[in-house]
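Sequence positions in the sequence shown follow our numbering and run 12 to 362.
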Amino acid sequence: MTRLHDILAARIAAHGPITLADYMAEALLHPIHGYYTTRDPLGAAGDFITAPEISQMFGEVIGLCLAQSWLDQGRPKGVLAELGPGRGTLMADILRATARVPGFHAALDLHLVEASPVLRAAQAARLPVKQVHDRADTLPDAPLFLVANEFFDALPIRQFQRDGTGWRERMIGLTDDAALTFGLSAAAPLAMLDHRLADTKDGDLVEHCPALPGIVSEIGQRIAAHGGTALIIDYGDWGSQGDTLQALRGHAPVDPLIDPGSADLTAHVDFEAVARATPSRFTRLTPQGVFLERLGITQRAQTLASKMTGAALESHIAAHRRLTHPDEMGDLFKVIALYPDGQTPPAGLEP
Ligand code: SAH
């Protein structure tokens, strides 16, 4: 068992069960034993792989989408930002693809929001970073061109089971032999879930991400007041849909309560909660595959393919399929953009 398991078990024994959000926060970001605190989780040798790590094409078309929004909005001076940049691959591809957009790099300072010291070091080695932030609320008050890929799915969630007109929270307690186990709190009404009484029945489970509204509103306020756009890409849907907590280690699902700190923990993103939280306009929620196709990923794939042969060509074709096909990431992953009043939405997305 991990050291963090013993720390959490002692805390629960002394003070009682903890929420799933408390558990996830400790498992992912505990200052000494947290999953993101201690490692680079990405890539073939890691625990999971993300779209920018699959192919450079992902970041290239997203870079051109952000640059087009910047041109459409009159080339403002401001900020280019990313939430949870991982190894910096997505931003490196964005910067390479936009290097020939006159004035884009000169107008925008690069700001990152990143919690992991290991990943901060990887990002600083690859990117011309102006400032790294612990939280989105310290981003400058300026036009903001932002991307967040697989960031919101890493934020802690709480889970609630419907019981009459109230809710029982899924808590983490201890078994008789001191292993972590799920239980349910007593039922109580919850104002923040009133809107879910209409679309759930007894026994249904809903998820709530406590940090999401604050982060989205910080970003949306800047975009509404100063301009810019935010592309939020993640797996999830409109409204939370049952239990989506997932633990991954070495690219395989594992029990989320075994060995906290040693596996990635994620949950699907509730994009309706994103839309509710932003004071700016937001686009229609769009499948990743549709968005990338509209941005011209297939033409880009063909251009790159023309210089490839053999195994490189095969893996390039597989990467294109993986990013766009409905049976792979194309449908499961979705995109929503925040944008200001009086402007057109970013390319590939509809109001
Ligand atoms: N966007 C990257 C990495 C996704 S992994 C990609 O697509 O490859 C999630 C990223 O979010 C990591 O960089 C992780 O360290 C960061 N992260 C997770 N929780 C965070 C939090 N609460 N605050 C800031 N960064 C966080």
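For every residue, glycine included, the Cβ atom is placed at its ideal position computed from N, Cα and C.
Cβ-Cβ distance between L259 and I183 below 8 Å: Here residue 259 refers to the residue found at position 248 when the sequence shown is read from its first residue. Here residue 183 refers to the residue found at position 172 when the sequence shown is read from its first residue. Contact: no.
Collapsed DSSP secondary structure at I43 in the structure displayed: If you number the sequence shown from 1, residue 43 lands on position 32. Coil at I43, not helix or strand.
Limits of the unbroken beta strand (DSSP E) element including F344: Along the sequence shown, one-based indexing puts residue 344 at 333. Where F344 is concerned, the enclosing beta strand (DSSP E) stretches over 344–350.
Buried/exposed call for S317, threshold 16 Cβ in 10 Å: Taking the sequence shown and counting its residues from 1, the one referred to as residue 317 is at position 306. That one is exposed.
G300 versus R22 - alpha carbon distance: Mapped onto the sequence shown, residue 300 falls at position 289. Mapped onto the sequence shown, residue 22 falls at position 11. Distance between the alpha carbons of G300 and R22: 44 Å.
E161 beta carbon near the ligand SAH (any heavy atom closer than 7 Å): Within the sequence shown, the letter at position 150 stands for residue 161. Checking the Cβ of E161 against the ligand SAH gives yes.
Host alpha helix (DSSP H) of M68 (start-end): Here residue 68 refers to the residue found at position 57 when the sequence shown is read from its first residue. First-last of the alpha helix (DSSP H) with M68: 67–83.
N-terminal and C-terminal residue of the beta strand (DSSP E) that R333 is part of: The sequence position of residue 333 within the sequence shown is 322, counting from 1. Premise fails: R333 lies in the alpha helix (DSSP H), 321–335, not in any beta strand (DSSP E).
Cβ-heavy atom distance, G97 to the ligand SAH, below 7 Å: In the sequence shown, counting from the first residue as 1, residue 97 sits at position 86. Checking every heavy atom of the ligand SAH against the Cβ of G97, one is found closer than 7 Å.
C-alpha distance - L166 paired with A147, whole-angstrom precision: Sequence index remark: in the sequence shown, residue 166 carries index 155 (1-based). Sequence index remark: in the sequence shown, residue 147 carries index 136 (1-based). One C-alpha to the other measures close to 13 Å.
Buried/exposed call for I328, threshold 16 Cβ in 10 Å: Translated into the one-based positions of the sequence shown, residue 328 becomes position 317. Per the 10 Å Cβ criterion, exposed.
Member of H237, P298, N160 whose CA lies at the smallest distance from the CA of P351: As a position in the sequence shown, residue 351 is number 340, starting the count at 1. Nearest option by C-alpha distance: H237.
Supposed contact pair H122 and V90 - C-beta distance, whole angstroms, cut 8 Å: Locating residue 90 in the sequence shown gives position 79, counting from the first residue. Locating residue 122 in the sequence shown gives position 111, counting from the first residue. Contact flag correct, Cβ pair sits at about 5 Å.
The alpha helix (DSSP H) enclosing L223, as first and last residue numbers: Here residue 223 corresponds to residue number 212 of the sequence shown, with the count starting at 1. That run of the alpha helix (DSSP H) goes 223–237.
Three-state secondary structure assigned by DSSP to A126: Mapped onto the sequence shown, residue 126 falls at position 115. In this structure, A126 counts as coil in the three-state DSSP scheme.
Helix, strand or coil at H240 according to DSSP, with G and I counted as helix: Here the question's residue 240 lines up with position 229 in the sequence shown. Looking at the sequence provided, one finds Thr at residue 240 rather than His. If DSSP states are grouped into helix, strand and coil, T240 belongs with the strands.
DSSP-derived helix/strand/coil call for T30: Locating residue 30 in the sequence shown gives position 19, counting from the first residue. Strand.
For G194 and T186, the rounded distance between their alpha carbons: In the sequence shown, the residue the question calls residue 186 occupies position 175. In the sequence shown, the residue the question calls residue 194 occupies position 183. Approximately 10 Å, taken between the alpha carbons.
Cβ shell of E93 (< 6 Å), same chain only, five flanking positions each side left out: Residue numbering aside, residue 93 sits at position 82 when the sequence shown is read from its first letter. Answer for E93: M102, L123, V158, listed in chain order.
Extent of the continuous alpha helix (DSSP H) to which E283 belongs: As a working note, residue 283 is residue 272 in the sequence shown. Residues 282–288.
Close Cβ partners of A198 (< 6 Å) along its chain, the five nearest in sequence each way excluded: The count along the sequence shown starts at 1 and reaches residue 198 at position 187. So the list reads D174, G177, R179, once near-sequence residues are dropped.
Straight-line gap, T192 to S66 (C-alpha atoms, nearest Å): Reading the sequence shown from its first residue, position 181 is the one you call residue 192. Reading the sequence shown from its first residue, position 55 is the one you call residue 66. Rounded to the nearest angstrom, the two C-alpha atoms are 39 Å apart.
Residues of its chain near S127, where Cβ-Cβ distance is below 7 Å and the 5 sequence neighbours each way are ignored: Within the sequence shown, residue 127 is the residue found at index 116, counting from 1. Y47, T48, listed in sequence order.
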